[in-house]
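Protein chains in written order, with our numbering: chain A, 15 to 295; chain B, 31 to 341; chain C, 2 to 256; chain D, 2 to 256; chain E, 7 to 312. Here the structure is laid out as structure tokens; the discussion comes afterwards.
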Amino acid sequence: MGLVIAALVIWGLAWWMNIRIANGAQADTKGAKLAVPAIFGLTLLVMWELIVRGLDVPMVILPAPSLIVVRFADSLPILWADFVQTVVKGALSGYVIGCAAAFVTAILVDRSDFLRRGLMPVGSFVAALPIVGTAPILVMWYGFDWQSKAAVVVVMVFFPMLVNITAGLQETTQMQRDQMKTWAAGYWQSFWTLRLPAAMPFVFNGLKISSTLALIGAIVAEFFGSPIVGMGFRISTSVGQLALDMVWAEILVAALAGSAFYGVVALIERKVTFWHPSQRG
Amino acid sequence: ASHADSSVKLQLQWVTQAQFAGYYVALEKGYYEEEGLEVEILPGGPDIAPPQVLAGGGADAMLNWMPSALAAREKGLPVVNIAQPFKSSGLMLTCWKDTGIEGPQDFKGKTIGVWFFGNEYPFLSWMSQEGISTDGGEDGVTVLKQGFNVDPLIQRQADCISTMTYNEYGQVLDAGVSEDELVTFKYEDMGVATLEDGIYVLEENLEDPAFKEKMVKFVRASMKGWKYAEENPDEAAGIVLDYDETGAQTEAHQVRMMGEIAKLTAGSNGALDPADYQRTVDTLLAGGSDPVITAAPEGAYTLEITDEALD
Amino acid sequence: MISAKSLDLTFETNDGPVHALKGVDLDIGKGEFVSFIGPSGCGKTTFLRCIAALETPTGGELTVNGMTPENARQARAYGYVFQAAGLYPWRTIAGNIKLPLEIMGFSKAEQKKRVEQVLELVDLAGFGGKFPWQLSGGMQQRASIARALSFDADILLMDEPFGALDEIVRDHLNEELLKLWARTGKTIGFVTHSIPEAVYLSTKIVVMSPRPGRITDVIDSPLPKERPLDIRDTPEFLEIAHRVREGLRAGHAYD
Amino acid sequence: MISAKSLDLTFETNDGPVHALKGVDLDIGKGEFVSFIGPSGCGKTTFLRCIAALETPTGGELTVNGMTPENARQARAYGYVFQAAGLYPWRTIAGNIKLPLEIMGFSKAEQKKRVEQVLELVDLAGFGGKFPWQLSGGMQQRASIARALSFDADILLMDEPFGALDEIVRDHLNEELLKLWARTGKTIGFVTHSIPEAVYLSTKIVVMSPRPGRITDVIDSPLPKERPLDIRDTPEFLEIAHRVREGLRAGHAYD
Amino acid sequence: MMRTIFPVAVVVAVIVGLWYAACIPMNIHTAATQAERAGMVIDPEGAAERRDMGAIALALRNTGIWGDTWAQDKPRLPAPHQVVTELWETTVEKKVTSKRSLIFHGWVTLSATLLGFGIGTVAGILLAVGIVHSRAMDMSVMPWAIASQTIPILAIAPMIIVVLNSVGLQGLIPKAIISAYLSFFPVVVGMVKGFRSPSQMQIDQMRTWSASRSQTFWKLRLPASMPYLFASLKIGIAASLVGAIVGELPTGAVRGLGARLLTGSYYGQTIQIWSALFATAILAAVLVAAVAAMERATLKRMGVGR
Ligand SMILES: Nc1ncnc2c1ncn2[C@@H]1O[C@H](COP(=O)(O)OP(=O)(O)OP(=O)(O)O)[C@@H](O)[C@H]1O
Ligand SMILES: Nc1ncnc2c1ncn2[C@@H]1O[C@H](COP(=O)(O)OP(=O)(O)OP(=O)(O)O)[C@@H](O)[C@H]1O
Ligand SMILES: [Mg+2]
Ligand SMILES: [Mg+2]
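Spelled out as structure tokens, the structure:
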């Protein structure tokens, strides 16, 4: 019980500290912007540790963070192999294929109003098919290795990307399109010089959403059949072996990879859409 | 938790099917009620680790395969076998005959589907006894984590897959494959059979006499259910079907399953045979580089409950 | 140069037809500076868009340079300046001005030369490398004019180009525009809300009134071609301004 | 009424400090109509915001009704009209005008009475039930003025309230504003970009210049209180306008 | 309306056509085996012979059994009419209390979805209120909320179930919590945007009237956030549905559309899987449409909807 009370006290202290920093004079510095969420996250971890220890929660239900970190450090080769299988082979390739396919479709849809009106409602219906249902089917069709995982990812990212790219291509103002007309520009000329650049903020919005979807899709698909490597495989078998520390180590990898993936996309976004007001700060 | 009340929650390791007929029969026929018990049967699924549920207090007893239960014991979750309704193992590998596989040594260079989630232990120790690596390549087998149906074999994504005599094997036949196209290896025949479907509880709970008392009644009633199911397979299958809330099962399938299950429970009165236990432990200890358990477990089973129940 | 004969344009909307232009007759000769003035919704923009072939009239005749407006557009007969600068934020000022040149297929060297030329012309030399948001509103508007000038069309159409600027900047740009017009001899069509601006700039002022949009008065300005800013305090100027105001008020239903 | 003594305001930004106001001295008496005019960025808005206690000066002294601006704000000493009408689209016109009254805790009956009163005052009687988007821009701006009047503060601060409207509507609203001022005797601070507007409306014109923002000229208008629109064509008017323009040009660095 | 219906009908018709065509190579092997058993002559003879043969080649050499590929019992790819028939039988022809009725299972899933959606929405809005009003919360919570969404829910769902189980929560609540976990995030993001959507001018205006923080919230921020609220609710409710289905898997897969999907896949009941899939998508479409209707009604009452 003492540890639980300690956890609450630490929570209070950390909160007070964060309020001080956030409302203090240095609030807008880079340091503060990193420190505040870091303190918050650390507090969560410390509370988790203390509460798990304080309440004697069995390891097979919820391991303490310290155990997870130890397992993480001990299993680096396994985690790396799983990471390569799931993230690099499954998620990334599916992400690239899915986004490319969405891009091509978006152009088709853009060129033909008939296709837009026909395809978009059907597409949104298909997008509502839950992954836990489609994944087994795709594993059945595309086999056990990463190809089927990539297929699941393609299915997951395709529609959000399509919606965002199409919305982005509509993003130009009437005036901008008229302007192109006054210069007697062709479809592709105005596509490359006007509509595509103007669509970029939307495209990146889609890319960001899809980056987390891709990772989750690849992991979940492994639950329905996989070779004996991969993050989803490891998670599901480790649960069976009650190796919960391993499960959490994989979740940690997933969270790190997901955040990094998201971060990289956001960074590229900054570079590409430097001109957008939201990026100029 | 207090064990003074009369409620028992049983965690199954899979969805409602004839594999668990004995318990459903006992429930339906009122055998539990006769013992003064209120039994709730919790179906499982691929995402459920029964030992975890037990540890979390979500159930009083669980069904489990012994390798998995012993592994949990080593992980610091002391579970104890109190009864063993299944005498023999229904686990086997089913292979295409045209792959040229005739004996275990022919597995080299082939792709084999295995279930994991506890079911992989007997396979791994079998392979290590045969001296075959499981890391793929020319001289090893490539292991796949098989989903929970027989597609990998039908689609030829694997040369062999794991099947239970009472379930997946029938599904293979249902898919239009005839028996003479297949080669099967029963673990029982290969001498690597491990005990399946035993009843386990937490060791600390057994220290409570009231709980023990309850388990005695539970095991007694359950075995009564099992024996009834063995003798009346069609009726038992019907009862299971009634309890399946997903409405996904078909009658033909459950009837056939019940027939096969009856063969596995046939030799058991519910009491664990220490010789079977020893064979299981030996098989697991022979597990090679990736051992399921590292040392022979102590106190992993008790005969007290069955002794009392079967008097 | 531009000639409209009983031009009609009716928009079909959900609430029924809107007569944006009705029986508009107008001739604009080469080298003229024509201002369009009138209350909101009287069809000034619509008329300019018809000339630019961005709208298709529903009746009457309209020729631009002796061609149909559509052909004139394909022949890149005019430059069009919209109310907002409408520069692409992802291109530098020079990149923005280069854009129509790229589209029209000018050579790289030619592009470079012309960009420098027009930047000079609108007093923005040295700002080619900046991005639009790094410039003030007035500078952006000048860049936008430079862009419309870059491919050297005979006609320049401007739809309230200075509407968003403050009076001083506006005065300054008005002076510049007059100089540019004098130097290049282009034909200019200019939409504005400001009476002094219209009077100060134009050789011809077209007063319009709404519902349906039509021309109520065409005033030929007697002012000399050379116009210092002070001219706005002269009686001739005030007289024309007064006439314009009267014309406007006549056609104006408040709000 | 309002008195500023060597008022300073410096914004700290990433690119270093911006001196929005520097050494501003000004006294505004009761019932005056004071216009602020000057090029973009000269601190007109900032000065108005200081009076409204929306910014805090970094130096000098400022009193409003003899209190600190903060206290004056708490005492609801002024109504503030922003450049855009800023009506809430989810409230009717009446609902919008009622909003400050709700916030200030007036009784239901009182709210109703005042809403009717001010709607009358700005010539919008009968439009209370309409939503803002059902009204023209000019009507919206009048509603926004009505809202600032509803709680009957002594001071009315207006930051380019007519900037977005066309000249005719603007003329009309100017006339109305003068009438309203005459009727209510309020003290008005009025920011504008338009020289005729400033001259036409004010009893005192404050000309400002930027970098750092300061007052370059304060012109007391000799025009009579009664001002028909035609007054803008009189020599007196033109003379003041000329002086304002000179003052502006002196302080104006193009763009 | 007609402008959408016709193109959609054409697209659907094309998809259905392709689907039927795809069934042929997908199911040809089993169809051939069954036909052979029934005594037909198949070219080439013997299942083993055909095993390594390309599906399309096999289909071309045995055009006579194409019909059979659309009438398999457990096809690799069920034909559209099989799915529709199954949907019809399990919704209209079964009593809603029957466990073979999709309506029964749909209701089970729906109840968890709605409860989870409610919890998620309330939590999301409260969090957004906190983020908008406290800088400390803004700076600390947001990065972690994003990170939380990179965790595969299917991996932690069983743990959530077990943990809640150990504190005595069972049945609907754990499923609803998983569903809430997925739906709170879009609501937080949308509502933070929404609460911040009033312009600086509108906020200054409130200050000129000396409005308190809560007055500003109720009279300005909240109404201004309505369009954002509904946009995120539409995403949120779809996410809730996915969450409820994921939550059904580790609760013993007893009832609900998720259980239906899962057990269907254990026994290779492809027709059942596909019909459950479509039922889910239809349910999602209905839920989103319901939110959209609520949106229209609310915005209309607020006078914003035109
Ligand atoms: N695309 C359109 N569809 C329907 N009506 C339109 C369209 N464009 C313009 N109108 C209507 O045509 C009329 C003339 O519009 P126009 O834009 O030419 O006015 P304007 O004189 O330029 O006004 P402003 O000074 O406000 O720019 C208006 O009543 C307007 O509502
Ligand atoms: N919040 C702020 N932070 C930093 N600088 C500011 C801020 N507000 C205004 N400024 C700067 O202060 C100076 C004066 O601004 P202010 O808005 O008062 O000008 P203004 O006279 O109202 O101009 P305009 O006519 O364009 O409205 C400008 O240089 C502006 O960039
Ligand atoms: Mg216009
Ligand atoms: Mg200002």
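Ideal Cβ positions, reconstructed from N, Cα and C, are used throughout, including at glycine. These figures come from a predicted structure and were not determined experimentally.
In this structure, the straight-line span from the alpha carbon of residue 141 (chain B) to that of residue 245 (chain A) is close to 21 Å. Secondary structure note for residue 41 (chain B): its beta strand (DSSP E) is the uninterrupted segment 37-41. Here DSSP, grouped into helix, strand and coil, assigns residue 47 (chain B) to coil. At a cut-off of 6 Å, the beta-carbon of residue 193 (chain C) does not count as near ligand 3: no heavy atom of the ligand is closer than that. A Cβ of chain E is located within less than 7 Å of the beta carbon of residue 146 (chain A).
Distances from the CB of residue 46 (chain C) to the heavy atoms of ligand 3 include at least one below 6 Å. A contact between stretches requires three or more CB pairs, one per stretch, nearer than 8 Å, and the segment 10-20 of chain D fails this requirement with the segment 235-253 of chain C.
According to DSSP, residue 6 (chain C) shares a beta bridge with C:62.
Residue 142 (chain B) is bridged by DSSP to B:173, B:190. Taking 7 Å as the CB threshold, residue 237 (chain E) stays off the interface with chain D. In the structure shown, the three-state DSSP call for residue 333 (chain B) is coil. Classified as buried, residue 145 (chain E) has 16 or more neighbouring CB atoms from the shown chains inside 10 Å of its CB. The beta carbons of residue 86 (chain B) and residue 75 (chain A) sit closer together than 7 Å. About 6 Å separates the beta carbon of residue 82 (chain D) from that of residue 146 (chain D), a gap short enough to meet the 8 Å contact definition.
Relative to ligand 2, residue 223 (chain E) has its C-beta separated by 6 Å or more from all heavy atoms.
In the assembly as shown, residue 152 (chain A) is a buried residue. Its beta-carbon has 16 or more other beta-carbons within 10 Å.
Going by beta carbons, residue 245 (chain E) and residue 189 (chain E) fall inside the 7 Å limit. Against chain B, the CB of residue 106 (chain E) has a partner CB under 7 Å away; the residue lies at that interface.
Rounded to the nearest whole angstrom, the CA to CA distance from residue 157 (chain D) to residue 230 (chain A) is 58 Å. Taking 7 Å as the threshold, the shortest C-beta distance from residue 100 (chain A) to chain B does not fall below it. Contact between residue 35 (chain D) and residue 5 (chain D) fails: their C-beta atoms lie close to 12 Å from each other, not under 8 Å. Distance check between residue 155 (chain C) and each of C:33, C:8, C:13 places C:33 closest, using alpha-carbon atoms only.
Linking residue 74 (chain C) to residue 20 (chain E) through their CA atoms gives a straight-line distance of about 40 Å.
Checking the DSSP bridge columns, you'll see residue 29 (chain C) partnered with C:3. Of the residues assessed, residue 33 (chain E) falls on the buried side of the cut-off, its CB having 16 or more other CB atoms within 10 angstroms. Around the beta carbon of residue 9 (chain E), fewer than 16 other beta carbons lie within 10 angstroms, which makes this residue exposed.
With contacts defined as CB atoms closer than 7 Å, residue 108 (chain B) and residue 151 (chain B) fail to qualify as a contacting pair. Taking a contact to require three or more Cβ pairs closer than 8 Å, the segment 112-130 of chain A and the segment 163-174 of chain A qualify as touching.
If you look at residue 72 (chain D), you'll find it in the alpha helix (DSSP H) that goes 70-75.
Within chain E, the residues whose beta carbon sits less than 7 Å from that of residue 88 (chain B) are 168, 171, 172, listed in sequence order.
Distance between residue 96 (chain D) and residue 111 (chain D), taken at the CA atoms: about 14 Å. According to DSSP, residue 165 (chain B) shares a beta bridge with B:172. The alpha-carbon separation between residue 184 (chain C) and residue 242 (chain C) amounts to approximately 26 Å. Excluding the 5 residues flanking it on each side, residue 90 (chain B) has same chain C-beta neighbours closer than 6 Å at 38, 39, in chain order. Around the beta carbon of residue 215 (chain E), 16 or more other beta carbons lie within 10 angstroms, which makes this residue buried.
Only residues of its own chain outside the window of five on either side were considered, and among them 178, 182 have a CB closer than 7 Å to the CB of residue 121 (chain E), listed in chain order.
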